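Participant: Here it is, the structure in full.
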Amino acid sequence: MASRLLRVSAALRLLPAASARAAPARHLGVPGGLATDEEQATGLERKVMEAMNKGLDPYSMFRPKRYAGTKEEPNLVPSITDKRIVGCVCEEDNSYVVWFWLHKGEAQRCPSCGAHYKLIPHELPH
(Lines of atoms letter the chains of each structure in order from A and count residues from 1; the text may use other names and numbers.)
(Lines give C-alpha, C1' and ligand atoms only; values in the text may rest on other atoms or scores of the structure.)
Protein backbone atom coordinates (compact mmCIF):
# COMPACT_ATOMS: atom_id res chain seq x y z
CA MET A 1 0.00 0.00 0.00
CA ALA A 2 2.77 2.42 0.91
CA SER A 3 4.63 1.68 -2.30
CA ARG A 4 1.52 2.50 -4.31
CA LEU A 5 1.23 5.90 -2.57
CA LEU A 6 4.88 6.65 -3.27
CA ARG A 7 4.51 5.77 -6.95
CA VAL A 8 1.38 7.94 -7.33
CA SER A 9 2.95 10.90 -5.54
CA ALA A 10 6.10 10.61 -7.69
CA ALA A 11 3.99 10.51 -10.83
CA LEU A 12 2.04 13.57 -9.71
CA ARG A 13 5.27 15.49 -9.13
CA LEU A 14 6.26 14.89 -12.73
CA LEU A 15 3.05 16.46 -14.05
CA PRO A 16 3.09 20.20 -14.75
CA ALA A 17 1.81 22.43 -11.98
CA ALA A 18 -1.93 23.09 -11.81
CA SER A 19 -1.43 26.77 -12.53
CA ALA A 20 0.46 25.96 -15.72
CA ARG A 21 -2.39 23.69 -16.83
CA ALA A 22 -5.05 26.32 -16.24
CA ALA A 23 -6.50 27.87 -19.36
CA PRO A 24 -5.20 31.38 -20.02
CA ALA A 25 -7.64 34.25 -19.53
CA ARG A 26 -9.43 35.14 -22.74
CA HIS A 27 -10.12 38.64 -23.95
CA LEU A 28 -12.68 40.02 -26.37
CA GLY A 29 -10.04 40.69 -29.01
CA VAL A 30 -9.23 36.98 -29.17
CA PRO A 31 -11.76 34.81 -31.02
CA GLY A 32 -13.96 33.03 -28.48
CA GLY A 33 -13.16 35.55 -25.73
CA LEU A 34 -15.61 36.78 -23.11
CA ALA A 35 -16.89 40.35 -23.12
CA THR A 36 -16.92 42.50 -20.00
CA ASP A 37 -20.11 44.13 -18.73
CA GLU A 38 -19.11 47.47 -20.28
CA GLU A 39 -18.43 45.89 -23.65
CA GLN A 40 -21.71 43.99 -23.91
CA ALA A 41 -24.08 46.56 -22.37
CA THR A 42 -26.52 48.20 -24.79
CA GLY A 43 -29.30 50.76 -24.72
CA LEU A 44 -30.34 52.23 -21.39
CA GLU A 45 -27.99 49.99 -19.41
CA ARG A 46 -25.02 51.34 -21.41
CA LYS A 47 -26.12 54.97 -20.86
CA VAL A 48 -26.40 54.40 -17.12
CA MET A 49 -22.99 52.68 -16.94
CA GLU A 50 -21.34 55.50 -18.92
CA ALA A 51 -22.95 58.12 -16.67
CA MET A 52 -21.80 56.28 -13.53
CA ASN A 53 -18.24 56.03 -14.92
CA LYS A 54 -18.24 59.80 -15.53
CA GLY A 55 -19.30 60.39 -11.92
CA LEU A 56 -22.85 61.45 -12.77
CA ASP A 57 -25.89 60.27 -10.84
CA PRO A 58 -28.49 59.21 -13.45
CA TYR A 59 -31.13 57.98 -10.99
CA SER A 60 -30.39 60.25 -8.02
CA MET A 61 -29.00 57.34 -6.01
CA PHE A 62 -26.26 59.28 -4.27
CA ARG A 63 -26.82 61.41 -1.18
CA PRO A 64 -27.69 64.96 -2.24
CA LYS A 65 -25.23 67.75 -1.60
CA ARG A 66 -25.92 69.67 1.59
CA TYR A 67 -26.78 73.36 1.24
CA ALA A 68 -27.14 76.06 3.85
CA GLY A 69 -30.88 76.40 3.21
CA THR A 70 -30.69 80.18 3.08
CA LYS A 71 -32.36 82.40 0.51
CA GLU A 72 -28.99 82.89 -1.25
CA GLU A 73 -28.10 79.17 -1.14
CA PRO A 74 -31.34 77.13 -1.03
CA ASN A 75 -31.61 73.34 -0.91
CA LEU A 76 -31.96 72.21 -4.53
CA VAL A 77 -34.78 69.76 -5.22
CA PRO A 78 -34.77 68.04 -8.65
CA SER A 79 -38.12 67.39 -10.34
CA ILE A 80 -39.37 66.29 -13.75
CA THR A 81 -42.57 68.35 -13.30
CA ASP A 82 -43.37 71.96 -12.30
CA LYS A 83 -44.15 71.07 -8.68
CA ARG A 84 -43.15 68.51 -6.08
CA ILE A 85 -44.03 67.59 -2.51
CA VAL A 86 -41.10 68.19 -0.14
CA GLY A 87 -40.71 66.91 3.39
CA CYS A 88 -38.65 68.87 5.89
CA VAL A 89 -37.45 67.51 9.23
CA CYS A 90 -36.94 70.89 10.80
CA GLU A 91 -34.80 69.75 13.75
CA GLU A 92 -32.74 66.61 14.24
CA ASP A 93 -34.80 65.32 17.16
CA ASN A 94 -38.21 65.95 15.58
CA SER A 95 -40.46 62.93 15.27
CA TYR A 96 -42.58 64.42 12.46
CA VAL A 97 -42.07 65.69 8.94
CA VAL A 98 -43.49 68.98 7.66
CA TRP A 99 -44.80 68.38 4.12
CA PHE A 100 -45.42 71.20 1.63
CA TRP A 101 -45.69 71.79 -2.12
CA LEU A 102 -42.66 73.26 -3.85
CA HIS A 103 -43.37 75.07 -7.14
CA LYS A 104 -41.04 76.01 -10.00
CA GLY A 105 -39.59 79.51 -9.78
CA GLU A 106 -38.19 81.37 -6.80
CA ALA A 107 -36.92 79.63 -3.67
CA GLN A 108 -39.66 78.89 -1.12
CA ARG A 109 -39.51 78.61 2.66
CA CYS A 110 -40.48 75.71 4.88
CA PRO A 111 -43.59 76.92 6.76
CA SER A 112 -42.23 75.63 10.06
CA CYS A 113 -38.48 76.31 10.27
CA GLY A 114 -37.89 78.76 7.41
CA ALA A 115 -35.32 76.69 5.46
CA HIS A 116 -35.31 77.61 1.76
CA TYR A 117 -35.87 75.12 -1.07
CA LYS A 118 -35.73 75.62 -4.82
CA LEU A 119 -37.12 73.36 -7.54
CA ILE A 120 -34.70 72.65 -10.39
CA PRO A 121 -35.50 70.76 -13.62
CA HIS A 122 -34.28 67.17 -13.85
CA GLU A 123 -34.28 64.97 -16.93
CA LEU A 124 -34.36 61.19 -16.79
CA PRO A 125 -31.45 59.45 -18.54
CA HIS A 126 -33.64 57.72 -21.14
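Read in order, the letters of the sequence shown are residues 29 to 154 in this note's numbering.
Beta carbons: idealized from backbone N, C-alpha and C, even for Gly.
Computed from a predicted structure; not experimentally measured.
Pick out whichever of V105, T98 and P149 has its Cα sitting closest to the Cα of C141.
Facilitator: Translated into positions along the sequence shown, residue 141 becomes position 113. Nearest option by C-alpha distance: T98.
Participant: Quick check on L130: does DSSP put it in helix, strand or coil?
Facilitator: In the sequence shown, residue 130 corresponds to position 102, counting from 1. Here L130 sits in strand by DSSP.
Participant: Rounding to the nearest angstrom, what Cα-Cα distance links S107 and L147 in this structure?
Facilitator: One-based indexing of the sequence shown puts residue 107 at position 79. One-based indexing of the sequence shown puts residue 147 at position 119. If I take the Cα positions, the gap works out to 7 Å.
Participant: Can you name, in chain order, every residue of its own chain whose Cβ lies under 6 Å from the Cβ of V117, other than the five neighbours on each side?
Facilitator: For the purposes of this step, residue 117 is taken as residue 89 along the sequence shown, with counting starting at 1. Within the same chain, V117 has close Cβ partners V125.
Participant: Who are N103's beta bridge partners in DSSP?
Facilitator: The residue labelled residue 103 in the question sits at position 75 within the sequence shown. Y145, per the DSSP bridge assignment.
Participant: In terms of residues, what are the limits of the alpha helix (DSSP H) holding G71?
Facilitator: To locate residue 71, count along the sequence shown from 1; it is residue 43. G71 -> alpha helix (DSSP H) spans G71 to N81.
Participant: Let me check understanding here. Comparing Cα to Cα, which of H150, V105 and D121 lies closest to F128?
Facilitator: On the sequence shown, residue 128 is found 100 positions in, with the first residue counted as 1. Out of H150, V105 and D121, V105 has the C-alpha closest to the C-alpha of F128.
Participant: Under a Cβ-count criterion, where at least 16 other Cβ atoms within 10 Å of its own Cβ denotes burial, should Y145 be classed as buried or exposed?
Facilitator: Your numbering for residue 145 matches position 117 in the sequence shown. So Y145 ends up on the buried side.
Participant: How many Å lie between E119 and A63 at the Cα?
Facilitator: Within the sequence shown, residue 119 is the residue found at index 91, counting from 1. Within the sequence shown, residue 63 is the residue found at index 35, counting from 1. Each residue's Cα considered, the two are about 50 Å apart.
Participant: Which same chain residues end up closer than 8 Å to D85 when comparing Cβ atoms and leaving out the 5 residues on each side of it in sequence?
Facilitator: As a position in the sequence shown, residue 85 is number 57, starting the count at 1. Excluding residues within five positions, the ones whose Cβ falls inside 8 Å are A79.
Participant: Would the beta-carbon of R137 be found less than 6 Å away from any heavy atom of the ligand MG?
Facilitator: Ligands in the displayed structure: none, and consequently the ligand MG is not present.
Participant: So, is A96 buried or exposed, given that buried needs 16 or more other C-beta atoms within 10 angstroms?
Facilitator: Reading the sequence shown from its first residue, position 68 is the one you call residue 96. Exposed, since its Cβ has fewer than 16 Cβ neighbours within 10 Å.
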